[in-house]
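A.B. asks:
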Amino acid sequence: MQQHNEHALKKGDRLQGKVALVSGIGSGIGKGCALMFARQGATVVGTDLNAEAARKTVSEAALEGLTLHFSEAVDLTNEQQVNALINGVVKEHGSLHILLNAAATAVFKWIEDLDYAEWQLTLRAELDSVFLVCKAAWPHLKASGAGSIINFASANAYMALDGSPALAHCAGKGGVLALTRQLAMEGGPFQLRANTISPGLIVTGATAPVIEQPGFLDAVMAKNMLKRLGQPEDIAWCAVYLASDEASFVTGADFSVDAGAIAW
Ligand SMILES: NC(=O)c1ccc[n+]([C@@H]2O[C@H](COP(=O)([O-])OP(=O)(O)OC[C@H]3O[C@@H](n4cnc5c(N)ncnc54)[C@H](O)[C@@H]3O)[C@@H](O)[C@H]2O)c1
1 MQQHNEHALK KGDRLQGKVA LVSGIGSGIG KGCALMFARQ GATVVGTDLN
51 AEAARKTVSE AALEGLTLHF SEAVDLTNEQ QVNALINGVV KEHGSLHILL
101 NAAATAVFKW IEDLDYAEWQ LTLRAELDSV FLVCKAAWPH LKASGAGSII
151 NFASANAYMA LDGSPALAHC AGKGGVLALT RQLAMEGGPF QLRANTISPG
201 LIVTGATAPV IEQPGFLDAV MAKNMLKRLG QPEDIAWCAV YLASDEASFV
251 TGADFSVDAG AIAW
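Quick note on numbering: the sequence shown equals residues 1 to 264 in the numbering used here.
Given below as structure tokens:
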């Protein structure tokens, strides 16, 4: 793993000249992708609801000699805040080529315990936020002539994991998978690509406490053909490819980055 991490820290030019907006930079996958995009030469604007966590990521980037742009906390379920964010990015950086929507939260409960408010909260955070950001960014991604949207579905969009009370999350991620295919179709005439990544279990702020629960790790490892836990960098490499011109013939696709978990 150490060699793996050192490789992730290497700098390159695969996203040189591109402006990227990355959500959820305060933690986990969004943070990993924002850092990797910056290492690959993109101008990266990060956003998060948690300003303190986002600023920590900006400081970590600076230690590597990288610049991440972050101004203030934005709630991506708030249409006005989302519109102001996108307008600000384009005003300051002139264009927008890459949109990576990693920010999300979910309530994990069995159907008998999940109330309607928690169901709605999850779908707002996982699905409405993606819609709002894609809609606000769409004209700018279109105008760039080579836009790339990267959304996050999940292994949970395909399978139920024994022991995981993921009802609302499964619905949210199934929704992201389907809406992204539709975006790909609508964006095709403008060379605007839209793809999803479906991670398996990745160690992040969201999953670290769950991994501690008795039996959970065993259930995950029973599904993983590669017997290790995923790291944000495992996802970020896939995101760099999808964001880059290397993937200019790739749209409407879903990439499982999950150690083979859904391939049985
Ligand atoms: N970690 C996994 O195992 C896993 C597996 C499958 C899919 N995913 C998906 O990948 C994405 C990233 O997951 P993660 O594990 O890194 O999550 P995380 O909880 O570690 O990080 C999410 C970040 O998004 C921010 N955020 C949440 N709601 C927001 C909002 N309304 N507005 C702005 N920012 C908000 C949080 O403050 C946090 O910093 C999510 O869409 C998640 O569903 C993760």
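C-beta atoms are modelled at their ideal positions from N, C-alpha and C, and glycine is treated no differently.
From residue 144 to residue 258, what does the alpha carbon distance come to, in whole angstroms?
C.D. replies: Cα to Cα, the separation comes out at about 32 Å.
A.B. asks: Is it right to say residue 248 is buried, meaning 16 or more other beta carbons lie within 10 angstroms of its own, or is it exposed?
C.D. replies: Exposed, because fewer than 16 other Cβ atoms sit within 10 Å of the Cβ of residue 248.
A.B. asks: Going by C-alpha distance, which of 8, 17, 41 and 167 is nearest residue 32?
C.D. replies: That would be 8, whose Cα lies nearest to the Cα of residue 32.
A.B. asks: Cβ-heavy atom distance between residue 135 and ligand 3 below 8 Å?
C.D. replies: Among the ligands present in this structure, namely ligand 1, ligand 3 is not found.
A.B. asks: What ranges does the alpha helix (DSSP H) occupy inside the region 186 to 245, keeping only unbroken runs of at least 4 residues that lie completely in it?
C.D. replies: Within the region 186 to 245, the complete alpha helix (DSSP H) runs of at least 4 residues are 208 to 211, 216 to 223 and 232 to 243.
A.B. asks: Among 23, 42 and 146, which has the Cα closest to the Cα of residue 11?
C.D. replies: For residue 11, the nearest C-alpha among the options comes from 42.
A.B. asks: Near residue 39, what residues of its chain come up, given a Cβ to Cβ distance below 6 Å and the 5 sequence neighbours on each side ignored?
C.D. replies: Answer for residue 39: 11, listed in chain order.
A.B. asks: Less than 8 Å between the CB of residue 262 and some heavy atom of ligand 1, yes or no?
C.D. replies: Not under cutoff, so the answer is no.
A.B. asks: Across which residues does DSSP place residue 68 in a beta bridge pair?
C.D. replies: The partner list for residue 68 (beta bridge, DSSP) reads 44.
A.B. asks: Under DSSP, the alpha helix (DSSP H) around residue 37 begins and ends at which residues?
C.D. replies: Start and end: 28 to 39.
A.B. asks: Using the beta carbon as the reference atom, which residues fall closer than 5 Å to any heavy atom of ligand 1, ordered along the chain?
C.D. replies: Chain-ordered list of matching residues: 24, 26, 27, 28, 29, 48, 49, 50, 75, 76, 77, 102, 103, 104, 105, 152, 154, 199, 201, 202, 204, 205, 206 and 207.
A.B. asks: Compute the distance between the beta-carbons of residue 70 and residue 55, then report whether it is under 9 Å.
C.D. replies: Contact: yes.
A.B. asks: Is there contact between the region 109 to 120 and the region 88 to 98, where contact requires at least three CB pairs shorter than 8 Å?
C.D. replies: Contact fails: fewer than three Cβ-Cβ distances are below 8 Å.
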